[in-house]
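Engineer: Mind looking over this structure? Questions follow.
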Amino acid sequence: RMFCAHPQTKTYFPHFDLSKGSDQIRGHGKKVAGALGTAVKNIDNLSQALSELSNLHAYNLRVDPPHFALQILAQSLQVVLAVHMGKEYSPEVHAAVDKFLSAVAAVLSEKYR
Amino acid sequence: MVHWTAEEKQLITSIWAKVNVEECGAEALARLLIVYPWTQRFFDNFGNLSSPTAIIGNPKVRAHGKKVLTSFGEAIKNLDNIKATYSKLSELHCEKLHVDPENFRLLGDILIIVLSAHLTKDFGPACQATWQKLVGVVAHALAYKYH
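Same order as they appear, the protein sequences are chains W and R. Each residue of the first sequence is one higher than the one before, counting from 1 in full-length UniProt numbering. Each residue of the second sequence is one higher than the one before, counting from 1 in full-length UniProt numbering.
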């Protein structure tokens with residue numbers, strides 16, 4: 001969904017098959033979701049739990065500008081949650097998830113400069 | 001001028017036909033005030049905004065949400081000339097209301113989540129992409145007359 005709505009994000013994946021439903025998209029999406037699962041389990045210590053990923057995003061991936069790009073992904077994630085959960089994606093749940101994803105983005109941006 | 005493909009126009013109007021403007025408008029504004037509490041600064045005279053429950057039930061929030069989304073409908077009726085459609089509203093938001101245009105982006109993203117939650121499977125990737133483009137264009141038009 002993110003690649004569809006925000007084509008500029010595809011520039012970070014020139015080495016991927018970005019056709020709909022590709023194995024690479026599925027595999028990478030699963031990886032990202034897995035990392036978020038780890039973040040949820042370590043919600044009171046995001047800095048430490050995501051330390052490796054933070055280094056990766058800062059020094060290797062350099063997704064730019066950091067906060068903005070990660071906001072785009074956060075939006076797509078929330079849309080998917082809302083599509084799956086419908087009414088259960090209540091305002092309170094929405095607020096908590098948005099806050100969480102912002103915190104994750106902040107940690108991943110920590111080492112940029 | 002923004003270019004809309006026939007498919008994009010179709011996706012916009014078909015989704016809009018399914019939207020209960022009063023309900024979705026109220027919900028979108030309520031969520032803005034709940035998820036980004038600092039936006040409450042623009043609504044000092046709205047009364048009780050002390051909790052999500054209070055905000056959702058607040059009649060002024062509901063009424064204003066409906067007003068905002070009704071205005072959105074004007075953009076949809078004038079897809080080929082959104083800037084002109086929102087010219088006066090842009091001046092208003094700058095000169096009278098003093099709203100940072102970043103808030104238009106926030107509300108746009110929230111509207112998309114509200115649509116997703118209501119329409120679920122009917123709000124597929126192409127829909128999302130088209131509507132993200134639409135809210136972006138509306139936000140841009142509302143910021144256009146700022147000075």
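Each residue gets a CB set at the ideal place from its N, CA and C atoms; glycine is no exception.
1. With a threshold of 7 angstroms on Cβ separation, who are the neighbours of N48 (chain R) within its own chain once the five nearest residues in sequence on each side are excluded?
2. For I43 (chain W), tell me which candidate among W:V104, W:E110, W:L108 has the shortest Cα-Cα distance.
3. Let's see if you can read the secondary structure: which residues bound the alpha helix (DSSP H) around L101 (chain W)?
4. Would residue 173 (chain R) count as contacting chain W if we go by Cβ distances under 9 angstroms?
5. Mind checking if A126 (chain R) is an interface residue toward chain W, Cβ cutoff 9 angstroms exclusive?
6. Using Cβ-Cβ distances below 7 angstroms, what residues of the region 9–22 of chain R are close to chain W?
7. By DSSP, does H64 (chain R) sit in helix, in strand, or in coil?
8. Is DSSP giving D17 (chain W) helix, strand or coil here?
9. Interface residues of chain W around K60 (chain R) at Cβ under 8 angstroms?
10. For R41 (chain R) and chain W, any beta-carbon pair shorter than 9 angstroms?
11. Find out if the Cβ-Cβ distance for the pair K66 (chain R), G25 (chain R) is shorter than 9 angstroms.
12. Mind reading off the beta-carbon distance from A30 (chain R) to I12 (chain R)? Whole number of angstroms is fine, and I expect it under 8 angstroms.
13. Apply the 10 Å Cβ neighbour rule to R62 (chain R) and answer buried if 16 or more other Cβ atoms are within range, or exposed otherwise.
14. Assuming E7 (chain R) is part of the alpha helix (DSSP H), what are its boundary residues?
15. Mark T5 (chain R) as exposed unless 16 or more other C-beta atoms lie within 10 angstroms of its C-beta, in which case mark it buried.
16. Count the other CB atoms within 10 Å of the CB of F13 (chain W); is the residue buried (16 or more) or exposed (fewer)?
17. Rounded to whole angstroms, what's the CA-CA distance from A75 (chain R) to E8 (chain R)? Just pull it up for me.
18. Taking contact to mean 3 or more Cβ pairs, one atom from each stretch, closer than 8 angstroms, check whether the region 113–133 of chain R and the region 82–102 of chain W are in contact.
19. Taking Cβ-Cβ distances shorter than 7 angstroms, what residues in chain R pair up with K87 (chain W)?
20. For the alpha helix (DSSP H) containing D23 (chain W), name the first residue and the last one.
21. State yes or no: is the beta carbon of Q8 (chain W) nearer than 9 angstroms to at least one beta carbon in chain R?
22. Taking CB distances under 9 angstroms as the criterion, tell me whether E27 (chain R) reaches chain W.
23. What separation, rounded to the nearest whole angstrom, lies between the Cα atoms of S14 (chain R) and T70 (chain R)?
24. Three-state secondary structure (DSSP) at F104 (chain R)?
Structural biologist: The relevant details are as follows:
1. A54, N58
2. W:V104
3. 91–109
4. Lying before the first or after the last residue shown, residue 173 (chain R) is absent from chain R, which here runs from 1 to 147.
5. yes
6. none
7. helix
8. coil
9. The contacting residues do not exist; K60 (chain R) stays about 17 angstroms from chain W at best.
10. no
11. yes
12. Contact flag wrong, Cβ pair sits at about 24 angstroms.
13. buried
14. 6–17
15. exposed
16. exposed
17. 14 angstroms
18. yes
19. A117
20. 23–41
21. no
22. yes
23. 16 angstroms
24. helix
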